[in-house]
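Participant: This is the structure I have questions about; it appears just below.
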Amino acid sequence: MERTEQLIKAKIPGKETGIEIRRTICDICCPSFHCGIDAYVKDGRVIKVEGTKGHPMNDGLLCTKGLSNREYIYRRDRILTPLKRVGERGEGKFQEITWEEAYRICAEKLNGWKEKEGADSVLFFGGYTKWFRPWLHRLAFSFGTENYATESSTCFTSGFMAWKIATGRGAKGDMAHCGVYLGWAFNPYHSRYLNGKKADEAKARGVKFIIVDPRITPAVEKLADIHLRPRGGTDGALALAMANILIQNNWIDREYIDRYVEGFDAFAEYVSGFNESNLEAITGVPYSQAVEACRMIHENRPMAINESSAPLAHHKNGMQNYRAIMALSAITGNYDRVGGQQPILHTYIHQASGFLTEEEEFVDEVRPAHARKPVGAERFPLWYETEREAQATDMARQILEEKPYPIRAVVALGMNLRMLPDTENIIRALKKLDFFVDTDLFMTDAAKYADIVLPACSSFERGEFKTYPGGYAVYTNPVIEPLGQAKSDAQILCELAEALGLDDELLKSGYENCIRYMIRNLSVTVEDLKANPLPTLVPERKPYQEGAYIRGGLDTKSGKFELDSSLIKDHPEWGLDSLPTYCDSLDGADEEKYPFALCAGARIPNAIHSRLHEVPWVRSLRPYPTADISLEDGKRLGIREGDDMEIYTEKGSITVKAHPTARVLPGTVYMYHGYREANVNGLLDGNHLDPYCGFPSYRSARCGIRKGGEDHGTDA
Numbered sequence: 016m017e018r019t020e021q022l023i024k025a026k027i028p029g030k031e032t033g034i035e036i037r038r039t040i041c042d043i044c045c046p047s048f049h050c051g052i053d054a055y056v057k058d059g060r061v062i063k064v065e066g067t068k069g070h071p072m073n074d075g076l077l078c079t080k081g082l083s084n085r086e087y088i089y090r091r092d093r094i095l096t097p098l099k100r101v102g103e104r105g106e107g108k109f110q111e112i113t114w115e116e117a118y119r120i121c122a123e124k125l126n127g128w129k130e131k132e133g134a135d136s137v138l139f140f141g142g143y144t145k146w147f148r149p150w151l152h153r154l155a156f157s158f159g160t161e162n163y164a165t166e167s168s169t170c171f172t173s174g175f176m177a178w179k180i181a182t183g184r185g186a187k188g189d190m191a192h193c194g195v196y197l198g199w200a201f202n203p204y205h206s207r208y209l210n211g212k213k214a215d216e217a218k219a220r221g222v223k224f225i226i227v228d229p230r231i232t233p234a235v236e237k238l239a240d241i242h243l244r245p246r247g248g249t250d251g252a253l254a255l256a257m258a259n260i261l262i263q264n265n266w267i268d269r270e271y272i273d274r275y276v277e278g279f280d281a282f283a284e285y286v287s288g289f290n291e292s293n294l295e296a297i298t299g300v301p302y303s304q305a306v307e308a309c310r311m312i313h314e315n316r317p318m319a320i321n322e323s324s325a326p327l328a329h330h331k332n333g334m335q336n337y338r339a340i341m342a343l344s345a346i347t348g349n350y351d352r353v354g355g356q357q358p359i360l361h362t363y364i365h366q367a368s369g370f371l372t373e374e375e376e377f378v379d380e381v382r383p384a385h386a387r388k389p390v391g392a393e394r395f396p397l398w399y400e401t402e403r404e405a406q407a408t409d410m411a412r413q414i415l416e417e418k419p420y421p422i423r424a425v426v427a428l429g430m431n432l433r434m435l436p437d438t439e440n441i442i443r444a445l446k447k448l449d450f451f452v453d454t455d456l457f458m459t460d461a462a463k464y465a466d467i468v469l470p471a472c473s474s475f476e477r478g479e480f481k482t483y484p485g486g487y488a489v490y491t492n493p494v495i496e497p498l499g500q501a502k503s504d505a506q507i508l509c510e511l512a513e514a515l516g517l518d519d520e521l522l523k524s525g526y527e528n529c530i531r532y533m534i535r536n537l538s539v540t541v542e543d544l545k546a547n548p549l550p551t552l553v554p555e556r557k558p559y560q561e562g563a564y565i566r567g568g569l570d571t572k573s574g575k576f577e578l579d580s581s582l583i584k585d586h587p588e589w590g591l592d593s594l595p596t597y598c599d600s601l602d603g604a605d606e607e608k609y610p611f612a613l614c615a616g617a618r619i620p621n622a623i624h625s626r627l628h629e630v631p632w633v634r635s636l637r638p639y640p641t642a643d644i645s646l647e648d649g650k651r652l653g654i655r656e657g658d659d660m661e662i663y664t665e666k667g668s669i670t671v672k673a674h675p676t677a678r679v680l681p682g683t684v685y686m687y688h689g690y691r692e693a694n695v696n697g698l699l700d701g702n703h704l705d706p707y708c709g710f711p712s713y714r715s716a717r718c719g720i721r722k723g724g725e726d727h728g729t730d731a
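For the sequence shown, the residue numbers in the numbering used here are 16 to 731.
Here it is as structure tokens:
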């Protein structure tokens, strides 16, 4: 083998090999990360990926998901041209058409319904990833409707809402400076690996860790000084009992409470009902262990608390559970302080970077003045009051029932059929639509129900503006040409605005001009950012100032941290509790027939929803849909490792591989989601929703299990 061949085989960049290193970002997982990537490119194709050294987010590291990018962008089912449906909805039969024809059909259908039944008869939906959201939101508003919904109807927004009604803005735990870290549902080694690195560093500094998780996770094994194991969905009761323990032992900051906290007396009276007599019965956590945890908090302040987007929120009582946990930071004086919970303002697309862009102005300046309230606003009024957008969990119901008004068409980007509970109901809704257009990289099951399918680019094929914590911003350049006729999601939305004939010159002028508008308040320009392959420090960044927000008065009616929400009290017609009250989270199915608690979505390290299930290398790490059950339950039911096991609910059943393990509590079933062949979310009741925010109860469903192939006349 000649030298050049050897170098090419080793993927060594240089003139001799024709291999270049070009920099981009990974957008497979949450926008809180989007790590820097060095793409090795030869002859216009990506042949290797590595993490970018010196990048402020990942500094050369990549997780399993990031390392899969090459296989991800070259998946066999990439959509390469616009498509028009020629078969029945769901058949997946399409013919190729031009972009011009696709836009013409979209404009005729969407404008037709706008003229006939109003702009509100069209709903605009955004799935993963979130990078195009400002453009989709503005497109919906310019079209004339508030019917803009996203997958955040089930992700993290519940937590944002809880902080908003208590303090007026979001918050994050300051692990870097705390003395004790209350890691509620904290397992970064499976879900946020860079936070795992930070946790390891904090542990080495002597930070105490209290991990609250029903499972024995890597975080428990590596970090926990104390491990509290509440049954799923009982987190709120545990938090309220811990608040009572702190109050009864005077392990609270009375001076802080008197100055900065509203509703303490009512809260203290309520939490007194969660005590030694009932804590273990409700949660499974021994009272003495909760006391030990509270003593550790008292003796090792300041305390920071983990913020979780899913495990706490995905219960019928999820938002109230979240509020109960947040209250611990208020009564101990750990809100708005170094080492505690620090208030944040989002810079751009849910990222807090220490400076502001004009993203909100970009969207809100075209908000329609006379649009009807969006989907879900009547059913979940607190959601609408705080978020001012549609709640996607109510989308299928409104399409099918046409109440309070009909939805005739949906414009979607990245819609995922298995994102929401009761998949069959979602399918019925999509089939009823007059028109459905979906944009995606791949031919997903949702796309098979679309009338028009539009091909989108990956992050490797487009330029993108992005901000990072610490005051950084970057504008990436494409590292390869778009595959086939694919276009960036934002470009598609700008061109669709043109095709629709909207009176919105800024949106129609394209992605880059919109970014210029949103960063016009900054001293850095698009050209400055494009010229730097690494993220740039923005001069307007401002460091956190301890106590500045709370001393100046919070953005709440009282100006204080509200344990007893004035917003909710001012709206008794909503029927919601202003205190963070507790209720049972499990659905109403027959407990004898369905004796197990099903937790859908517990994280695994090599997946992010369904995005990588079809990537062969990643799928090889966990080839089969698998559910965790306890060793005790496995032994009792004769279910062994690798056996086929049926999980069933009132909605149906799926067959998966069994993994009996000591890591989970008896009576629980943990199943990762998103599999075509074993869709666990399809087993869930689409009406078992949190009344405060509309979130689904992915982790609070009753189910039964039995060994596959056995007589189904006997339930277990």
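No residue lacks a Cβ here, since even glycine has one placed at the ideal position from N, Cα and C. These numbers were taken from a predicted model, which means no experiment stands behind them.
Short of 7 Å in beta carbon distance, which residues of its chain neighbour F377, apart from the five on each side in sequence? Order them along the chain.
Facilitator: So the qualifying residues of the chain are P149, R153, C529, Y532 and M533.
Participant: Are K68 and D74 close, meaning C-beta to C-beta below 8 Å?
Facilitator: In contact: K68 and D74 (Cβ atoms closer than 8 Å).
Participant: What is the residue span of the beta strand (DSSP E) that H242 lies within?
Facilitator: H242 -> beta strand (DSSP E) spans I241 to L243.
Participant: Closest to G682 by C-alpha separation, out of E607, G723, N84 and F395, would be which residue?
Facilitator: Nearest option by C-alpha distance: E607.
Participant: Have a look at Y464 and R274 and give me their C-alpha separation to the nearest angstrom.
Facilitator: Between Y464 and R274, the C-alpha separation is close to 56 Å.
Participant: If we call anything under 8 Å between Cβ atoms a contact, is Y196 one with A319?
Facilitator: Cβ atoms of Y196 and A319: closer than 8 Å.
Participant: Could you tell me how far apart the beta carbons of C193 and I260 are, in whole angstroms, since I believe they sit closer than 8 Å?
Facilitator: About 20 Å; that fails the 8 Å criterion.
Participant: What do you reckon, are the CB atoms on A612 and R717 nearer than 8 Å?
Facilitator: Result yes, Cβ atoms of A612 and R717 sit closer than 8 Å.
Participant: Our contact map puts Y713 next to A622 with C-beta atoms below 8 Å; I'd like the distance itself, whole angstroms only.
Facilitator: Contact flag wrong, Cβ pair sits at about 15 Å.
Participant: By DSSP, does L9 sit in helix, in strand, or in coil?
Facilitator: Not covered by the structure: residue 9. The range shown for the chain is 16 to 731.
Participant: Could you tell me how far apart the beta carbons of N202 and V390 are, in whole angstroms, since I believe they sit closer than 8 Å?
Facilitator: Not really, about 33 Å apart at Cβ, beyond 8 Å.
Participant: Would you mind stating whether L98 and D437 have Cβ atoms separated by less than 8 Å?
Facilitator: Taking 8 Å as the Cβ cut-off, L98 and D437 do not qualify as a contacting pair.
Participant: Using the Cβ count rule (16 or more neighbours within 10 Å means buried), how would you classify I272?
Facilitator: The residue in question, I272, is buried, as its Cβ has 16 or more Cβ neighbours within 10 Å.
Participant: Helix, strand or coil: which one does DSSP assign to E270?
Facilitator: DSSP places E270 in helix when its eight states are reduced to three.
Participant: So, helix, strand or coil for W146, using DSSP?
Facilitator: Here W146 sits in coil by DSSP.
Participant: Since K502 and A471 are thought to touch, with beta carbons under 8 Å apart, how far apart are those beta carbons, to the nearest angstrom?
Facilitator: Between A471 and K502 the Cβ distance is about 7 Å, and since that is below 8 Å, they are a contact.
Participant: So if DSSP puts H674 in a beta bridge, which residue, or which two residues, is it bridged to?
Facilitator: DSSP output for H674 lists D643 as bridge partner(s).
Participant: Count the other CB atoms within 10 Å of the CB of K331; is the residue buried (16 or more) or exposed (fewer)?
Facilitator: Classification of K331: buried, given that the 10 Å Cβ count is 16 or more.
Participant: Hey, which unbroken runs of the beta strand (DSSP E) at 3 residues or more fall wholly within the segment 359–428?
Facilitator: You should have 424–428.
Participant: Mind checking S292: buried by the 16 CB within 10 Å criterion, or exposed?
Facilitator: With fewer than 16 Cβ atoms within 10 Å of its Cβ, S292 is classed as exposed.
Participant: Tell me which same chain residues have a C-beta within less than 6 Å of the C-beta of Y559, skipping the five on either side of it?
Facilitator: Answer for Y559: Q357, listed in chain order.
Participant: Can you confirm whether the segment 561–579 touches the segment 588–603 when touching is taken to mean that 3 or more C-beta pairs between the two stretches lie within less than 8 Å?
Facilitator: In short, these stretches touch, since the Cβ pair count reaches three.
Participant: Go ahead and label G562 buried or exposed: buried means 16 or more other beta carbons lie within 10 angstroms of its beta carbon, across all protein chains shown.
Facilitator: Exposed.
Participant: If you reduce the DSSP assignment to three classes, tell me which class T165 lands in.
Facilitator: Correct three-state label for T165: strand.
Participant: Buried or exposed: I94, going by 16 or more other Cβ atoms within 10 Å of its Cβ?
Facilitator: The residue in question, I94, is buried, as its Cβ has 16 or more Cβ neighbours within 10 Å.
Participant: Is it the case that the Cβ atoms of P46 and T144 are separated by a distance below 8 Å?
Facilitator: Yes.
Participant: Within 10 angstroms of its Cβ, does D585 collect 16 or more other Cβ (buried), or is it exposed?
Facilitator: The residue in question, D585, is exposed, as its Cβ has fewer than 16 Cβ neighbours within 10 Å.
Participant: Per DSSP, which one or two residues make a beta bridge with D455?
Facilitator: D455 pairs with P470.
Participant: For G86, report the span of its alpha helix (DSSP H) as first-last.
Facilitator: Per the sequence presented here, residue 86 reads as Glu, with Gly not at that position. Per DSSP, E86 belongs to the alpha helix (DSSP H) from N84 to I88.
Participant: Pick helix, strand or coil for S625, following the three-state DSSP scheme.
Facilitator: Residue state, collapsed to three classes: coil.
Participant: Does the segment 206–222 come into contact with the segment 289–303, if we say contact requires no fewer than three beta-carbon pairs (one atom in each stretch) closer than 8 Å?
Facilitator: Flag = no, the segment 206–222 and the segment 289–303 do not touch.
Participant: Note down the Cα distance separating K218 from P548, rounded to an integer number of angstroms.
Facilitator: If I take the Cα positions, the gap works out to 34 Å.
Participant: Please go through the segment 36–93 and give each complete beta strand (DSSP E) segment of 3 or more residues, from N-terminal end onward.
Facilitator: Runs found: 51–57 and 60–66.
Participant: Looking at the structure shown, is M5 part of a helix, part of a strand, or coil, going by DSSP?
Facilitator: Nothing can be reported for residue 5, as the shown portion of the chain is limited to 16 through 731.
Participant: Can you find the residues in the same chain that come closer than 7 Å, C-beta to C-beta, to Y707, ignoring five residues on each side of it along the sequence?
Facilitator: Taken in chain order, the residues that qualify are M334, Q335, L397 and L591.
Participant: Assuming A258 and L327 form a contact by the criterion Cβ under 8 Å, report the distance between their Cβ atoms to the nearest whole angstrom.
Facilitator: With 8 Å as the limit, A258 and L327 do not qualify as a contact, their Cβ atoms being about 16 Å apart.
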